[in-house]
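Read the structure below first, then the notes.
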Amino acid sequence: MIDLSTTIAGVRFPSCFMNASGALCVTQDELEALGKSGAGAIVTKSMTVEPRQGNPVPRYHGFPGGSINSMGLPNLGYRAYAEMIPHLKRFGKPVIASVAGLGEEDFPIIAEVINAAQPDLIEVNLSCPNIPGKPQIGYDPETSERVLKNVRPKISVPMGVKLPPYFDPAHHEIMGKVLGRCGVDFLNMINSVGNGLVVDLERETVVIKPKGGFGGLGGRLIKPVALANVRAFYKLFAGKIPIIGTGGIVEGSDVFEHILCGASAIQVGTVLVEEGLEVFDRLEAELTAILMGKGYRSIQECRGRLQEL
Ligand code: RRO
1284 MIDLSTTIAG VRFPSCFMNA SGALCVTQDE LEALGKSGAG AIVTKSMTVE PRQGNPVPRY
1344 HGFPGGSINS MGLPNLGYRA YAEMIPHLKR FGKPVIASVA GLGEEDFPII AEVINAAQPD
1404 LIEVNLSCPN IPGKPQIGYD PETSERVLKN VRPKISVPMG VKLPPYFDPA HHEIMGKVLG
1464 RCGVDFLNMI NSVGNGLVVD LERETVVIKP KGGFGGLGGR LIKPVALANV RAFYKLFAGK
1524 IPIIGTGGIV EGSDVFEHIL CGASAIQVGT VLVEEGLEVF DRLEAELTAI LMGKGYRSIQ
1584 ECRGRLQEL
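Just so we're on the same page, the working numbering is the position in the sequence shown counted from 1, plus 1283.
This is the structure in C-alpha cells:
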C-alpha cells in the first residue's frame, strides 16, 4: 500500500490533495461537497469582513494553457464561515480557513473570530492580485511583516501564509527573513501569477471584464514558477517549515514534481474548476501509480529529494 497521507504543522491529513482556496469553496454547499469528496481537507474561500459579490462577470476564463481570473474576493463574510466551521469539521478531515482583508486592519479582526471557531489551520492570504487599486501585500515585505505580527497573537491553531510567486532569489530571501521573524507554521505557494492578460484572437477582446482584462494566471502554464518557489522556500528553511505546493497541477506527475521540490501536500485550483471533484480520485490514482513504479511507499520518502546537477 502507498501512503498518501501527510502531516502539516502537527495536523494529519488523510490525503495530501486539497482544493486551492477560491476553487469551489465559497458556499456551504460547495464546502460540504469538498467534505464528501476525495479531498484530504476542506479549504475555504479567502474571507473578508463583509460579504462580497466580487468583481463583475465574466471574471474567470479557462483556456488550454490554464486560466485567468479576477474574481474579486466573492465570499460570505467571516461571520458566516465562523458559524460553518464546527459543522465542516464533522467530515473527519482538516478544515483550513483562508483569511484575507480589503485593508491590513481587517486581518486581525477576522483572525480572532475565525480562530475561536477552531478550524484545524488558518492560512493568511497575502497575495490576492485582483482588488482594484490595491497591490498584493506579499510584494511589500514591511507591510507583510506588520500584517503577520498583528495577526499572529490572534491565532492559536497552526498559522500559514499564502504567498504570491516571486521571480528573483533576492525576493525569496527577503520574504524568507520576514517569515522567519513572524512565527509561521506552514507556507502555501503560489497564488495565481498576477496581472496577466489573455486575448481572444477571434473577437479581438480581452476575456475577463475587471481591470481591463488583467487577472491572475493559474493552471498548467504556471507550474515552473510554482515549482521554483516551492524549491526556493524549501531550501531557505532547510525543509523545516512544511509547504503546500499549489500551481500548475494537472496530472499525477505534476504532483510528484511538487513533492520532489519539497511540498508536503498539494492544492488544485484550475483543474478542480475545470474537471470537478472527481479530480481528487484521478490524481490519487495517478500519483499512486508513479510512486509504485518508482518504488516509493509514501510521499515522505521522496519529499524534497530533487537532485541538482
Ligand atoms: O478572489 C480573487 O480574485 C482571488 C484571490 Br482572493 C486570490 O487570492 N487569488 C486569485 O487568483 N483570485
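We put the beta carbon where it would ideally sit given N, CA and C, even for glycine.
CA-CA distance, residue i and residue j?
| i | j | result |
| --- | --- | --- |
| Lys1460 | Val1434 | 17 Å |
| Asp1483 | Ala1316 | 33 Å |
| Gly1522 | Arg1503 | 25 Å |
| Thr1290 | Arg1486 | 48 Å |
| Gly1293 | Leu1287 | 16 Å |
| Asp1468 | Tyr1343 | 31 Å |
| Cys1465 | Lys1432 | 6 Å |
Which two residues bound the contiguous alpha helix (DSSP H) that contains residue i?
| i | result |
| --- | --- |
| Met1575 | Val1562 to Lys1577 |
| Met1367 | Tyr1361 to Leu1371 |
| Met1354 | Run containing Met1354: none; DSSP gives neither H nor E here. |
| Gly1499 | Looking at the DSSP string, Gly1499 is not in any alpha helix (DSSP H); the run it does join, the beta strand (DSSP E), is Phe1497 to Gly1501. |
| Leu1385 | Unbroken run through Leu1385: none, as it is neither H nor E. |
| Leu1317 | Gln1311 to Lys1319 |
Please state whether the Cβ-Cβ distance between residue i and residue j is less than 7 Å.
| i | j | result |
| --- | --- | --- |
| Val1444 | Leu1470 | yes |
| Ile1582 | Cys1299 | yes |
| Phe1539 | Ile1573 | yes |
| Pro1357 | Val1378 | no |
| Gly1530 | Ile1473 | yes |
| Ala1380 | Thr1331 | no |
| Ile1351 | Leu1592 | no |
| Pro1447 | Ser1410 | yes |
| Ala1324 | Phe1296 | yes |
| Leu1570 | Ser1320 | no |
| Leu1359 | Pro1334 | yes |
| Ile1438 | Ala1400 | no |
| Met1354 | Ala1322 | no |
Which residue marks the beginning of the beta strand (DSSP E) containing residue i, and which one marks its end?
| i | result |
| --- | --- |
| Leu1510 | From DSSP, Leu1510 is part of no beta strand (DSSP E) but of the alpha helix (DSSP H) over Lys1506 to Leu1519. |
| Leu1470 | Phe1469 to Met1472 |
| Gly1479 | Val1476 to Leu1480 |
So what's residue i in DSSP terms, helix, strand or just coil?
| i | result |
| --- | --- |
| Lys1417 | coil |
| Leu1431 | helix |
| Ala1394 | helix |
| Arg1464 | helix |
| Val1343 | The displayed chain sequence assigns Tyr, not Val, to residue 1343. Looking at Tyr1343 - three-state DSSP - the assignment turns out to be strand. |
| Gly1459 | helix |
| Glu1584 | coil |
| Thr1331 | coil |
At a cut-off of 6 Å, would you count residue i as near the ligand ZN, judging by its Cβ distance to the nearest heavy atom?
| i | result |
| --- | --- |
| Leu1470 | Inclusion of the ligand ZN in the displayed structure is not the case, the ligand content consisting of the ligand RRO alone. |
Q: Counting only runs of 3+ residues fully inside the segment 1535 to 1559, write out the beta strand (DSSP E) ranges in chain order.
A: Those beta strand (DSSP E) runs which fall completely within the segment 1535 to 1559 and span 3+ residues are 1548 to 1551.
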